[in-house]
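Here the structure is laid out as structure tokens; the discussion comes afterwards.
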Amino acid sequence: VGAPIFPKDRIFDSTPTGVVMGLAWTSLGGVSLFIETVAVAPSEKAALRCTGQMGDVMKESTEIAFSFARRWLHEHEPTNDFFDKNQIHMHIPEGATPKDGPSAGITMTTTLLSLAMGKPVRQKLAMTGEMSLTGSVLPVGGIKEKVLASQRAGVDTVILPVDNKRDWEELDDKTRELTRVHFASTYRDVFDIAFSEDKVVSAARKA
Amino acid sequence: VGAPIFPKDRIFDSTPTGVVMGLAWTSLGGVSLFIETVAVAPSEKAALRCTGQMGDVMKESTEIAFSFARRWLHEHEPTNDFFDKNQIHMHIPEGATPKDGPSAGITMTTTLLSLAMGKPVRQKLAMTGEMSLTGSVLPVGGIKEKVLASQRAGVDTVILPVDNKRDWEELDDKTRELTRVHFASTYRDVFDIAFSEDKVVSAARKA
Amino acid sequence: VGAPIFPKDRIFDSTPTGVVMGLAWTSLGGVSLFIETVAVAPSEKAALRCTGQMGDVMKESTEIAFSFARRWLHEHEPTNDFFDKNQIHMHIPEGATPKDGPSAGITMTTTLLSLAMGKPVRQKLAMTGEMSLTGSVLPVGGIKEKVLASQRAGVDTVILPVDNKRDWEELDDKTRELTRVHFASTYRDVFDIAFSEDKVVSAARKA
Numbered sequence: 689v690g691a692p693i694f695p696k697d698r699i700f701d702s703t704p705t706g707v708v709m710g711l712a713w714t715s716l717g718g719v720s721l722f723i724e725t726v727a728v729a730p731s732e733k734a735a736l737r738c739t740g741q742m743g744d745v746m747k748e749s750t751e752i753a754f755s756f757a758r759r760w761l762h763e764h765e766p767t768n769d770f771f772d773k774n775q776i777h778m779h780i781p782e783g784a785t786p787k788d789g790p791s792a793g794i795t796m797t798t799t800l801l802s803l804a805m806g807k808p809v810r811q812k813l814a815m816t817g818e819m820s821l822t823g824s825v826l827p828v829g830g831i832k833e834k835v836l837a838s839q840r841a842g843v844d845t846v847i848l849p850v851d852n853k854r855d856w857e858e859l860d861d862k863t864r865e866l867t868r869v870h871f872a873s874t875y876r877d878v879f880d881i882a883f884s885e886d887k888v889v890s891a892a893r894k895a
Numbered sequence: 689v690g691a692p693i694f695p696k697d698r699i700f701d702s703t704p705t706g707v708v709m710g711l712a713w714t715s716l717g718g719v720s721l722f723i724e725t726v727a728v729a730p731s732e733k734a735a736l737r738c739t740g741q742m743g744d745v746m747k748e749s750t751e752i753a754f755s756f757a758r759r760w761l762h763e764h765e766p767t768n769d770f771f772d773k774n775q776i777h778m779h780i781p782e783g784a785t786p787k788d789g790p791s792a793g794i795t796m797t798t799t800l801l802s803l804a805m806g807k808p809v810r811q812k813l814a815m816t817g818e819m820s821l822t823g824s825v826l827p828v829g830g831i832k833e834k835v836l837a838s839q840r841a842g843v844d845t846v847i848l849p850v851d852n853k854r855d856w857e858e859l860d861d862k863t864r865e866l867t868r869v870h871f872a873s874t875y876r877d878v879f880d881i882a883f884s885e886d887k888v889v890s891a892a893r894k895a
Numbered sequence: 689v690g691a692p693i694f695p696k697d698r699i700f701d702s703t704p705t706g707v708v709m710g711l712a713w714t715s716l717g718g719v720s721l722f723i724e725t726v727a728v729a730p731s732e733k734a735a736l737r738c739t740g741q742m743g744d745v746m747k748e749s750t751e752i753a754f755s756f757a758r759r760w761l762h763e764h765e766p767t768n769d770f771f772d773k774n775q776i777h778m779h780i781p782e783g784a785t786p787k788d789g790p791s792a793g794i795t796m797t798t799t800l801l802s803l804a805m806g807k808p809v810r811q812k813l814a815m816t817g818e819m820s821l822t823g824s825v826l827p828v829g830g831i832k833e834k835v836l837a838s839q840r841a842g843v844d845t846v847i848l849p850v851d852n853k854r855d856w857e858e859l860d861d862k863t864r865e866l867t868r869v870h871f872a873s874t875y876r877d878v879f880d881i882a883f884s885e886d887k888v889v890s891a892a893r894k895a
């Protein structure tokens, strides 16, 4: 009932609260995809439900992201009890495309914090990176394909793991000129870029 | 016990509250099918049960539809606590035919809202489209076969994803003359057509 | 455990409350079988347990039947809280014979209502038909074999889906003379025949 469709690169013109663009790497090349996180209803305890044909590794990434985001929020906004009071649902379209791997870690965490804080991330931003439970950002594959996919999607800023710096430096000059890159070694770096004012981002430009 | 039967195209003369016609695409061509949603009994918390030999992707579609419908209702009819007070059951006949894929997303969401608001959708309407968790309507396959199936079922109006516009335009003139089409980019568009007065729908005619 | 036994055609001389004869279609021909539903114990919430080596489609049929029967009872006997106060068990003998398919839908629903209302169905009655969640009766296979099986079991009245009318009409005159047939398009039709006085049934005779 309905054939799988090759994912299109943009489904949002501007990303709302709780939605962050990630970058994936498939046998057909890189693709951008939005991770969507919403509060479904009030709840008496923290609860996260996930859809989008996620494989086992990716499901664990959602758990890591949820644990990390709850701790982060507790530390940085101690009076914010959003995660304890809401049933949360995270989805990655297209619904029929199986997805797996840990590289959406920082993106998932960011959707959760965006939702809980009620702040959208800066526009035209995409990110990729595995995250450890204590917030280390670990390198991932497919950097070239992912950067190209982000450019097709109209993105001008990407966040990459610091240990992927060499992959970035191997890209040709033309590609690197089209994208502002930030390297993250911990989630703190990701957070500062994602939720910063544009002014700060510009100052931090590296390439 | 009982051989599978080729689905017939109509089982309702007029669709009641909670029932909306979807369109599916099989190896044998397109078929129309009714998605039925009912409130079984009062419940102390939100609960959705599904039957109809749904595959994994389609089951996730029901969860996305339920999350979205609950949020939509909360936003648009804040005093309507229907979803928090009822045990809901969604079924897609024929019960013996395995079904899968994400393209029933907008139809499922519409059955839930129809039920919760106590309003049937406009008659002779069918729809197809994947839905993301935040309400983007994503393209699906089999447009030609689905439109033909809707015509066999006596439907005069269909809702298609905006990114399937090209598929519609490739249909021959005869086919397009028989059906009024509406293209949806977000669920807002679907809602406005499904629950509009006929007058408004006519004014919005496109082909 | 235990070899499959060829189903015998009658295990009840007269059907008690909660028991209704269904008709199945196997590679060996048609068979009649009794669906049995009993209240096991008081319960604080609605609960249905099923046995009889039912396959996935048939299990879903029990859920559809239960949802439908609860809604029907709520609408037609609003003070009858039988389903909310009892743990219910539905079984289809022979226990070792695997069974599947949706065609027992109307029979299952009728056993549940018979039990809840405390009324047996009329005697010498059998029925077959898939049921949708909102009560449409959908066509099934094996009409000829099922009618012959009902006659072997001493049945004089059968309820068939209206969309199987052509199958009935293709039977030879001799077969049709032996059985009074009623065609159902919604569960309302099934209910009226199953729980009617004989007088009414005779008047409604069609063939």
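Chains as they are written, first to last, in the working numbering: chain A, 689 to 895; chain B, 689 to 895; chain C, 689 to 895.
Don't be surprised by glycine CBs; every beta carbon is placed ideally from N, CA and C.
Note that this is a predicted model, so its numbers are computed, not measured.
Asked                                                                                                                                         : Found
Rounded C-alpha distance that separates C:K787 from C:A712                                                                                    : 9 angstroms
CA nearest to the CA of A:E732, picked from A:K747, A:F771, A:G718 and A:T767                                                                 : A:F771
Per-residue burial, B:V888 [other beta carbons within 10 Å of its own, 16 or more giving buried]                                              : A caution first: B:V888 carries a pLDDT of 44, below 50, which makes its placement in the model too unreliable to give a value.
Any C-beta of chain C under 8 angstroms from that of B:E663                                                                                   : Examination of residue 663 of chain B is not possible in this model, given that chain B is present from 689 through 895 alone.
Identified DSSP bridge partners for B:M819                                                                                                    : B:V825
Environment of C:A891 [buried if 16+ CB atoms lie within 10 Å]                                                                                : Because the pLDDT at C:A891 is just 41, under 50, the model does not fix this residue reliably, and the value given afterwards should be weighed accordingly. The residue in question, C:A891, is exposed, as its Cβ has fewer than 16 Cβ neighbours within 10 Å.
Where the beta strand (DSSP E) through C:E724 begins and ends                                                                                 : G717 to P730
Cβ-based burial, B:K637 [other Cβ within 10 Å; buried from 16]                                                                                : This structure cannot settle anything about residue 637 of chain B, because the visible part of chain B is limited to 689 through 895.
B:A792 beta carbon less than 8 angstroms from that of B:G718                                                                                  : no
Classification of C:S702 by the beta-carbon crowding that lies within 10 angstroms, buried from 16 upward                                     : exposed
Counted within 10 angstroms of its Cβ, other Cβ atoms place B:D851 as buried (16 or more) or exposed                                          : buried
Beta-carbon proximity list for C:G842, same chain, < 6 angstroms, skipping 5 on both sides                                                    : none
C:V828 burial status per 10 Å Cβ neighbour count (16 or more: buried)                                                                         : buried
Validate contact between the stretch 813 to 822 of chain A and the stretch 752 to 762 of chain A using beta carbons, cut 8 angstroms, 3 pairs : yes
Strand pairing of B:F871, partner residues [DSSP]                                                                                             : B:L848
Burial state of C:K920, where buried means 16 or more other Cβ atoms lie within 10 Å                                                          : Outside the displayed range of chain C (689 to 895) lies residue 920 of chain C, so it cannot be described from this structure.
Selected residue, minimal CA-CA separation from B:V745, among B:G806, B:G789 and B:I831                                                       : B:G789
Interface partners of B:L821 on chain A, CB under 7 angstroms                                                                                 : E724, V726, H777 and H779
Members of the stretch 862 to 878 of chain B near chain C, C-beta cut-off 7 angstroms                                                         : none
Test item: CB-CB of B:V878 and B:L848 under 8 angstroms                                                                                       : no
8 angstroms Cβ cutoff, A:D788 in contact with chain B                                                                                         : no
From B:G823, B:M815 and B:A729, residue whose alpha carbon lies closest to that of B:K832                                                     : B:M815
Contact set for B:N774: own chain, Cβ-Cβ below 7 angstroms, skip 5 residues either direction                                                  : A727, P730 and S731
Min CB distance A:A845 to chain B below 8 angstroms                                                                                           : The sequence given here places Thr at residue 845 of chain A; Ala does not occur at that position. No, no contact with chain B.
Residue-level contact to chain A via CB, B:D744, 8 angstroms cutoff                                                                           : yes
Alpha-carbon to alpha-carbon, C:K807 and B:R864                                                                                               : 54 angstroms
Contacts of B:G740 in chain C (Cβ-Cβ under 8 angstroms)                                                                                       : E748
Contact check, B:I776 vs B:L736, beta carbons under 8 angstroms                                                                               : yes
Own chain residues within Cβ distance below 8 angstroms of B:T705, not counting five before or after                                          : S802, L803, G806, K807 and P808
Sheet register partners of A:A814 (DSSP bridge)                                                                                               : A:M709 and A:V846
Contacts of C:R840 in chain B (Cβ-Cβ under 8 angstroms)                                                                                       : None at all; the shortest Cβ gap to chain B is about 17 angstroms.
Residue-chain proximity (B:P808, chain C), Cβ-Cβ < 8 angstroms                                                                                : no
Proximity test, Cβ basis, 8 angstroms: B:V828 and chain C                                                                                     : no
A:T785 - DSSP class collapsed to helix/strand/coil                                                                                            : coil
Any chain B beta carbon closer than 8 angstroms to C:E763                                                                                     : no
Close beta carbons around C:F687, own chain, < 7 angstroms, minus the five adjacent residues each side                                        : Only positions 689 to 895 of chain C appear in this structure, which leaves residue 687 of chain C out of reach.
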